[in-house]
Every structure is written in C-alpha cells, then in structure tokens.
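Presented below is the structure to which this report refers.
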Amino acid sequence: MGNDGGSIPKRIELVKEKKKAAVQNPDIERRAVWFFCALSKNPLTAPIAACRLGKLYNQDSILEYLLDKTAYGDGDKICAHVTSMKDITKLNLTENPSFDESRDSNERSTVGSLEQESTSRYICPVSMKEMNGKHRFVYLETCGCVFSEQALKEVPGSDCLTVSNGGMRDKGCR
Numbered sequence: 005m006g007n008d009g010g011s012i013p014k015r016i017e018l019v020k021e022k023k024k025a026a027v028q029n030p031d032i033e034r035r036a037v038w039f040f041c042a043l044s045k046n047p048l049t050a051p052i053a054a055c056r057l058g059k060l061y062n063q064d065s066i067l068e069y070l071l072d073k074t075a076y077g078d079g080d081k082i083c084a085h086v087t088s089m090k091d092i093t094k095l096n097l098t099e100n101p102s103f104d105e106s107r108d109s110n111e112r113s114t115v116g117s118l119e120q121e122s123t124s125r126y127i128c129p130v131s132m133k134e135m136n137g138k139h140r141f142v143y144l145e146t147c148g149c150v151f152s153e154q155a156l157k158e159v160p161g162s163d164c165l166t167v168s169n170g171g172m173r174d175k176g177c178r
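My numbering numbers the first residue of the sequence shown as 5 and each following residue consecutively.
In structure tokens, the structure reads:
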C-alpha cells in the first residue's frame, strides 16, 4: 500500500457497490403489449381475443393453447387462468383508415424496432384515438366492442356505443 513501487488502489477498487437494476425501455414494453400476441409473440392479427386481465391474444394461438397446453413453452405462466373459451372475449375492433399495411409490416417484424412510431391498426370508433398504448382502452364483455376509456366515461349509460338510434346494432356487435 505504499513505498513498495506498486500502484495505489482507488476507491472503486476497494469498495464494492450494488449493481443498478437494468431499466427497460417503456416504449418497447408498450409496443409488445399492444402490437404482439401475449402467448405466441407474433404480431396481432384478426381475430383478436382478450382475457379478463387485459392481455391480448391471437384467437388461433389461444385455441392451440387450449387444445395442447404444451404448444407454447411459457403458456402456463402467461395464461394459466384461461381454461376454456368462456374465459376469453373475442374483440370487435375498428380498423384505422390511416393504417398502411405495406409500410408497417417491416417495422412490426421485431419488438425492438422503435425507429419510427408506427400507426396502430385499430382505433376507438367514438374518439378516433389510436390503440397504441398511449391511451387506455377497455372492452365490453357483453359484445366485445373496444373503446377508449375516455370515450366510455364521457358518454352516459352502460350500453354499447356502437348501437345506433334506431336500435340496430352497428357492425360486429352481437
């Protein structure tokens, strides 16, 4: 520690500190939840289903899981609460007219691609907000119609908002 011709240790070499936890990018997490199936990790494609926890699934992936529990390695961790088709709701989503399939197909191929903010495939039919994770969305268990939470709060009543004045249900409503 001195007078021997060696080096003088620095504080960082003598005191060990706890390693800081790695912080994940919230944008990547948001894209993963809103653009990819929770079970198969593939991009969400119609028909889309949701469980009561709010996880989104490709309907064919959840059917494969229900038929063969070992079809997806981590299926028992992700959707162990789904035991039958009664535990999921098929969602009636409104297509986004500004969505361009050819432009977004390259961006959606990987979860980590955040070079450009891609346009969401679906929107709220009332408020026209994109379903991309920036706004909260909810679905009605009775019909599966999806709305932004803000639109549902602003419109009085508990009926589906896609029902027109004449009593006829709009597209997709059961």
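The beta carbon of each residue, even a glycine, is placed where N, CA and C say it ideally should be. This one's a predicted model, so the numbers in the text were calculated from it and none came from an experiment.
Setting aside the 5 residues that flank it on each side, I82 is surrounded in the same chain by A42 and L43, each with a C-beta closer than 6 Å to its C-beta; the list follows chain order. Counting along the chain, I16 sits inside the alpha helix (DSSP H) bounded by residues R15 to L18. For Q154, the CB contacts under 8 Å within the same chain, skipping 5 residues up- and downstream, are S131, K133, H139 and R140 in chain order.
Residue burial is scored here from C-beta neighbours: G77 has fewer than 16 other C-beta atoms within 10 angstroms and is therefore classed as exposed.
As a beta-bridge residue in DSSP terms, P47 pairs with F40. Take the alpha-carbon of V159 and the one of M135: they are about 19 Å apart. Straight through space, the alpha carbons of F151 and A36 are spaced by roughly 20 Å. By DSSP's assignment, V142 forms a beta bridge with F151. For Y61, the enclosing beta strand (DSSP E) starts and ends at L60 to N62. Beta-carbon to beta-carbon, P51 and F39 are separated by about 16 Å, too far to satisfy the 8 Å threshold. In summary, A25 is exposed, with fewer than 16 beta-carbon neighbours lying within 10 Å of its beta-carbon over all protein chains present.
Nearest to C149 by alpha-carbon distance, out of S124, F103 and L97, is L97. Short of 6 Å from the beta carbon of C128, and not among the five residues preceding or following it, lie these beta carbons of its own chain, in chain order: F151, S152 and A155. Bridge partners of Y126 according to DSSP: E99. Judged by DSSP in its simplified three-state form, E105 adopts helix. Under the three-state reduction of DSSP output, K90 falls in the helix class.
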